[in-house]
Amino acid sequence: MPKVDRAEIALQVMSGLNKTEAALLQELESLGRMVAAAKQEIAAMRVENVDATHLPAATDELDEVVKSTASAANEILDVCETLENLQPSLPAEAADTVGVCVTRIYEACAFQDITGQRIGKVVNALKQIEQRVRETTGRFAPSTALPARSAPAQTEGERLANGPQPTSAASSQAEIDALLASFD
Amino acid sequence: MDKNTNVLIVDDYKTMLRIIRNLLKQLDFNNVDEATDGQEALAKLRAGNYGLVISDWNMEPMTGLDLLKEVRADARLKSTPFIMITAESKTENVVAARAAGVSNYIVKPFNAETLREKIEKVMAHA
Chain A
1 MPKVDRAEIA
11 LQVMSGLNKT
21 EAALLQELES
31 LGRMVAAAKQ
41 EIAAMRVENV
51 DATHLPAATD
61 ELDEVVKSTA
71 SAANEILDVC
81 ETLENLQPSL
91 PAEAADTVGV
101 CVTRIYEACA
111 FQDITGQRIG
121 KVVNALKQIE
131 QRVRETTGRF
141 APSTALPARS
151 APAQTEGERL
161 ANGPQPTSAA
171 SSQAEIDALL
181 ASFD
Chain B
1 MDKNTNVLIV
11 DDYKTMLRII
21 RNLLKQLDFN
31 NVDEATDGQE
41 ALAKLRAGNY
51 GLVISDWNME
61 PMTGLDLLKE
71 VRADARLKST
81 PFIMITAESK
91 TENVVAARAA
101 GVSNYIVKPF
111 NAETLREKIE
121 KVMAHA
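Line by line, the protein sequences are chains A and B. Read in full-length UniProt numbering, the first sequence has 113 at position 113, and its numbers run on one by one without any break. Read in full-length UniProt numbering, the second sequence has 65 at position 65, and its numbers run on one by one without any break.
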C-alpha cells in the first residue's frame, strides 16, 4: 500500500476550497495544535507535587494555626478564671473593674472561633482545588483518573452552614434584630 | 428570670463553650451543661430537664438548625427557649431559623450585654 502523503492530500483539499474556507481550515488546524499542546502540558504537570506535598502541607500548617490560637485562648481563659476567683478578696471597686476587664477578655477570646471557622473554609477550598487538579490531569492521563463523585444529600442546616461572612457582607446584630422584629 | 434553670450550651469549639459558660456564670447561671454537636445535645435534652438551649449553627454531624427542628418537633421539648449563637449572618439563615422556631438569634462575635439581653427576653416569654 503506497504511503499517503498528508501534505499532498492537504494541498488537494486546499485547492478545492475558496478563500474563506481555506482561512477557516487554517484556523481550525491552529486551534487543534493549541489543544494538543495544552493536553501535553497538562499531562506533564507534576501534579503529585501539588496533591501529595504542597496542599497537605498547607492544610497541616493551617491546622497548626488553629491549634496554636486555641491553646493561646485557653491560656488566657485560665488567667481570667484565676482573676475571677480573686474578686471576692478585692475591694468592691477593684473587684468591679476586674469583672469588667475579664468580661471584655472573654468577648475578645471569641476571635478563636471565628478565625477557626474562616481557616476551615480555606482548608475546604484547598481540598476542592486539589480534587479539581486531580480530575483535570486525570482526564489526560486515564490511569490516574478518579471516579466521579456524587454530592451527598444535605439538610437545610448543612446547606446554609457557610461559616463567617466577609466583614463587609456580614449582617450586624442590629440588622438581625430588625429582621426578627419584622416577623412579629 | 429563673437563674436556677438548667442551661444547655452547644458548640463544637471547646473554647467557645468555655467562654459562654463563664459569661453565664457572671449572669448567675450556674447549672450549665455542654454538648459539642446537635446529636449529643438532642440526646441530653431528651434525657434531661433543660430550661434554655444556646446553640451554635455550624456543627457536625447535626447542625444547630437541625437540632432546633428536632426540638420543636418533640412534644416534650417544643416550648424550650432556643437561642442560636452563630457566625452565620446571612438573611436566609436568620429567616430559616425563624421559620424553624428559634427564640432569638445572636451573631458572632457577640458581647456579654447582647447575651444577657437576649436571655432575659426569651426567658420572659418562656
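Glycine included, each C-beta is placed from N, C-alpha and C at the ideal position. Computed from a prediction, not measured in an experiment: that's the story for all the values here.
I need the straight-line Cα distance from residue i to residue j, nearest angstrom please.
i	j	result
residue 187/A	H54/A	There is no way to answer for residue 187/A, as the model of chain A reaches only from 1 to 184.
A75/B	R46/B	11 Å
A145/A	Q131/A	With a pLDDT of 48 at A145/A, under the threshold of 50, the predicted position of this residue should be treated as unreliable, and no value is reported.
E40/B	N30/B	21 Å
I106/B	K127/A	31 Å
D5/A	L11/A	10 Å
L17/A	G32/A	19 Å
R104/A	Q173/A	18 Å
For a contact meaning CB atoms closer than 8 Å, what does residue i contact in chain B?
i	result
S68/A	Those within 8 Å of S68/A in chain B number zero; the least Cβ separation is about 12 Å.
G32/A	Chain B residues near G32/A: none, gap ~46 Å exceeds 8 Å.
L17/A	What L17/A touches in chain B: nothing, since even the nearest Cβ is about 57 Å away.
Identify the continuous alpha helix (DSSP H) that holds residue i and give its terminal residues.
i	result
A38/A	K19 to A44
N22/B	K14 to Q26
V95/B	T91 to A100
A41/B	G38 to A47
T82/A	L55 to L86
G99/A	A92 to C109
For a contact meaning CB atoms closer than 9 Å, what does residue i contact in chain A?
i	result
Q26/B	E84, G99, V102, T103 and Y106
Can you tell me whether DSSP reads residue i as helix, strand or coil?
i	result
A145/A	The pLDDT assigned to A145/A is 48, lower than 50, so where the model puts this residue is not dependable; a value taken from the coordinates is nonetheless given after this. Three-state result, A145/A: coil.
D177/A	helix
A73/B	helix
L115/B	helix
L8/B	strand
F110/B	coil
N162/A	coil
N124/A	helix
Just reading off the beta strand (DSSP E) that residue i is part of, what are its end residues?
i	result
S55/B	L52 to S55
E34/B	V32 to A35
T86/B	F82 to T86
Which chain E residues sit within Cβ distance under 8 Å of residue i?
i	result
V107/B	Considering every chain present, this structure includes no chain E. Its protein chains are A and B.
Name the chain A residues whose beta carbon is nearer than 7 Å to that of residue i?
i	result
residue 127/B	For residue 127/B there is no data in the structure shown, the boundaries of chain B being 1 and 126.
A87/B	I114, Q117, G163 and P164
So which residues of chain A does residue i contact, with C-beta pairs closer than 8 Å?
i	result
F110/B	E107, A110 and Q173
R18/B	N74 and L77
Note down, in chain order, every chain B residue with its Cβ under 9 Å from the Cβ of residue i.
i	result
E130/A	By Cβ distance, chain B contributes nothing, its closest Cβ being about 21 Å from E130/A, past 9 Å.
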